[in-house]
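Undergrad:
In my numbering, the protein residues as written are 6 to 61.
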């Protein structure tokens with residue numbers, strides 16, 4: 006789930022970083038549907054725009 010939208014991807018964890026109270030993962034998607042990748046990108050971009058508005 007990301008921003009109230011559900012995504013399902015196959016992937017391989019290629020990186021794990023522990024920063025303060027967060028764990029951040031880097032994932033290499035495997036056999037990803039291009040439409041789902043695009044939808045994920047749109048949600049991430051929308052979240053980034055909202056985050057920037059809050060910090061202005």
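All residues carry an ideal CB built from backbone N, CA and C; glycine is no exception.
In this text, all values refer to a predicted model and were calculated from it rather than measured experimentally.
For residue 53, name the three-state secondary structure that DSSP assigns.
TA: The residue you call residue 53 lines up with position 48 of the chain shown. Helix, per DSSP.
Undergrad: From 29, 15 and 38, pick the residue whose C-alpha is nearest to that of residue 21; which is it?
TA: The count along the chain shown starts at 1 and reaches residue 21 at position 16. Ranking 29, 15 and 38 by Cα distance to residue 21 puts 29 first.
Undergrad: CB residue 12 to CB residue 35, shorter than 9 Å?
TA: Here the question's residue 12 lines up with position 7 in the chain shown. Here the question's residue 35 lines up with position 30 in the chain shown. Going by C-beta atoms, residue 12 is not nearer than 9 Å to residue 35.
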